[in-house]
Amino acid sequence: MKIPCYDCNTETELEVGFEVLNFVCPKCRSLYVGDDEGKFCRKSQYKAESEVIPLAIGDTGFLNGSQYKVTGILRKRVHPDYRWTEFILQNDVKEFLYLSLSNGHWMMLTEMKKIDDLKKRTKVLNYDGKDYDLFEHSDAEIVNAQGFFDFEIPVNKLAHLAEFINPPYIVSVEKMNNVQTAFHGEYIRKSEIKKAFPGITLPYQSGVSMIQPYRFDLRNTAVVFCLFALLIITANWYIYKDQVEQNVFNSTIKFSEFDNKEVTSPSFVLNGASAPLTIKVSTGVNNSWANLNVALVNEDTNDEIYANKDIEYYYGYSDGESWTEGSQSEKFNICGVKGGKYHLLITPMKAPEDISNSEMHVNVVWNEPSNRNVWIVVIGMIVIFFIIRFFKNQFEKERWADSSYSTYE
Numbered sequence: 092m093k094i095p096c097y098d099c100n101t102e103t104e105l106e107v108g109f110e111v112l113n114f115v116c117p118k119c120r121s122l123y124v125g126d127d128e129g130k131f132c133r134k135s136q137y138k139a140e141s142e143v144i145p146l147a148i149g150d151t152g153f154l155n156g157s158q159y160k161v162t163g164i165l166r167k168r169v170h171p172d173y174r175w176t177e178f179i180l181q182n183d184v185k186e187f188l189y190l191s192l193s194n195g196h197w198m199m200l201t202e203m204k205k206i207d208d209l210k211k212r213t214k215v216l217n218y219d220g221k222d223y224d225l226f227e228h229s230d231a232e233i234v235n236a237q238g239f240f241d242f243e244i245p246v247n248k249l250a251h252l253a254e255f256i257n258p259p260y261i262v263s264v265e266k267m268n269n270v271q272t273a274f275h276g277e278y279i280r281k282s283e284i285k286k287a288f289p290g291i292t293l294p295y296q297s298g299v300s301m302i303q304p305y306r307f308d309l310r311n312t313a314v315v316f317c318l319f320a321l322l323i324i325t326a327n328w329y330i331y332k333d334q335v336e337q338n339v340f341n342s343t344i345k346f347s348e349f350d351n352k353e354v355t356s357p358s359f360v361l362n363g364a365s366a367p368l369t370i371k372v373s374t375g376v377n378n379s380w381a382n383l384n385v386a387l388v389n390e391d392t393n394d395e396i397y398a399n400k401d402i403e404y405y406y407g408y409s410d411g412e413s414w415t416e417g418s419q420s421e422k423f424n425i426c427g428v429k430g431g432k433y434h435l436l437i438t439p440m441k442a443p444e445d446i447s448n449s450e451m452h453v454n455v456v457w458n459e460p461s462n463r464n465v466w467i468v469v470i471g472m473i474v475i476f477f478i479i480r481f482f483k484n485q486f487e488k489e490r491w492a493d494s495s496y497s498t499y500e
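Residues 92 to 500 (the working numbering) make up the sequence shown, in order.
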């Protein structure tokens with residue numbers, strides 16, 4: 092179809108698969124109405140807008156498994172000045188598809204079967220087994236248009252909209268020229284629009300769209316975290332269920348015999364999965380210090396792992412108050428000790444001036460029961476879940492901020 096514009100002397104040609112009732116010149120926005128003889132008469136003109144529209148009449152893109160062509164564009168506004176752009180597209184088999192653009196967010200809609208007239212008190216709409224919550228009733232004005240239309244564009248009249256959402260889906264019911272039409276749509280990401288229409292410049296996104304999905308599905312996240320926690324607890328139990336605690340060294344060492352001298356433990360065999368080797372040391376330090384150096388020697392590979400610990404205990408009286416610092420006992424680990432044959436090289440040491448401290452007690456246990464790492468992970472997942480839940484709540488507050496039916500304060 093080719094239609095000339097008498098205002099700007101521009102001819103617009105596009106092959107369309109429907110009867111054109113209204114035409115709006117893409118260049119000067121003059122509105123033309125077709126008569127019974129197929130001629131078009133100028134009726135009015137829309138004011139030019141500064142808004143940059145990313146798609147133009149005649150642009151083609153691959154969406155929903157088919158090649159679609161842009162045949163019409165509408166700009167709508169609701170009080171006080173909220174605006175969005177709607178694109179009408181048609182494919183070769185004369186099926187219509189609709190794209191809605193608002194604040195950089197896109198929705199893709201298709202016309203659905205006729206539904207009963209809605210009443211103001213309808214707060215929940217059931218469609219295809221899902222409940223859609225009422226987001227807004229509004230009266231929209233068409234403030235700009237371009238392209239070919241198979242319906243009469245209302246001039247100085249408002250179209251009533253009722254929008255129900257179940258993100259990322261929407262049911263939008265529009266009543267225009269006393270004709271009610273219902274659309275079902277879903278949120279579509281910018282990357283999909285960019286893929287469908289290569290080369291176009293997409294507008295910047297701002298705010299939260301009424302059906303924009305949150306990055307995380309709260310219920311699925313909870314299920315995944317619960318399953319993961321169960322897997323960790325079960326795996327920890329299975330790995331260590333047959334593994335028993337082994338006391339590999341328990342002795343009191345006299346400083347008179349081994350001060351700064353090496354003590355070699357008897358050989359011992361560890362059977363089972365990797366586990367920590369826990370070393371407990373106590374000594375009678377009194378306003379002094381002592382030190383324990385431990386070497387774990389793998390007799391099969393001759394690999395050595397070293398660890399040491401200071402034991403300090405000080406006390407006194409100053410400024411009218413007594414004070415203490417440190418402890419006469421300490422506990423530390425050599426982590427991830429695998430099964431195998433080992434022995435220990437233990438070197439005790441004390442301060443030379445400490446004549447009151449005569450001995451050090453050392454107790455070494457492998458696979459001392461501990462679920463610390465398991466609970467750290469589980470508690471970490473719980474904290475992460477509540478952080479996600481908090482930001483989800485903020486996200487929903489922003490989504491419903493412009494709705495008259497928000498359940499958020």
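All C-beta atoms, glycine included, are put in the ideal place defined by N, C-alpha and C.
All figures in this text were calculated on a predicted structure; none of them were measured in a lab.
| query | result |
| --- | --- |
| Continuous alpha helix (DSSP H) stretch holding V488: start and end | Here residue 488 turns out to be Lys, not Val, going by the sequence shown. K488 -> alpha helix (DSSP H) spans 463-490. |
| Short Cβ contact (8 Å threshold) for S347 with S449 | yes |
| DSSP-derived helix/strand/coil call for R310 | helix |
| Environment of H196 [buried if 16+ CB atoms lie within 10 Å] | buried |
| Candidates V354, G417, Q337, of which the one nearest K345 by Cα | V354 |
| Opposing strand residues paired with W414 [DSSP bridges] | G407 |
| Three CB pairs or more closer than 8 Å across the region 179-189 and the region 223-237 | no |
| Coil, strand or helix - Y329 by DSSP | helix |
| Sequence ranges, alpha helix (DSSP H) only - wholly within the region 218-298, length at least 4 | 281-287 |
| Inter-stretch contact at 8 Å, needing at least 3 Cβ pairs: the region 191-207 / the region 296-307 | yes |
| Residue range of the unbroken alpha helix (DSSP H) whose run includes F346 | 346-349 |
| 8 Å Cβ cutoff met for V455 and I370 | yes |
| Candidates I94, G417, E489, of which the one nearest G305 by Cα | Note that residue 305 is Tyr in the sequence shown here, rather than Gly. Ranking the options by Cα distance to Y305, first place goes to E489. |
| Limits of the unbroken beta strand (DSSP E) element including L192 | 187-193 |
| Neighbour-count burial assignment, S121, 16 or more Cβ in a 10 Å radius | buried |
| Reduced DSSP secondary structure (H/G/I, E/B, other) of V143 | coil |
| Helix, strand or coil at V124 [DSSP, three-state] | strand |
| Limits of the unbroken beta strand (DSSP E) element including M199 | 196-202 |
| Beta carbon of L368 nearer than 8 Å to that of I425 | yes |
| Three-state secondary structure (DSSP) of I148 | coil |
| Helix, strand or coil at D107 [DSSP, three-state] | The sequence as given places Val at residue 107; Asp does not occur at that position. It is coil, neither helix nor strand. |
| H170, enclosing beta strand (DSSP E) - first and last residue | That residue, H170, is in no beta strand (DSSP E); it is neither H nor E in DSSP. |
| Coarse secondary structure for I446, derived from DSSP in three states | coil |
| Sheet register partners of P439 (DSSP bridge) | L383 |
| Member of G129, V465, N235, N377 whose CA lies at the smallest distance from the CA of Y137 | N235 |
| Among F114, D230, I206, nearest to C167 - alpha-carbon criterion | A quick correction: the sequence has Lys, not Cys, at residue 167. The shortest C-alpha separation from K167 is found at D230. |
| Pick from Q419, L216, T201, P439 that is closest to Y278, judged by C-alpha positions | T201 |
| Burial state of E104 (16 or more Cβ within 10 Å) | exposed |
| Nearest-angstrom beta carbon gap, Y218 and H275 [assumed within contact, 8 Å] | 7 Å |
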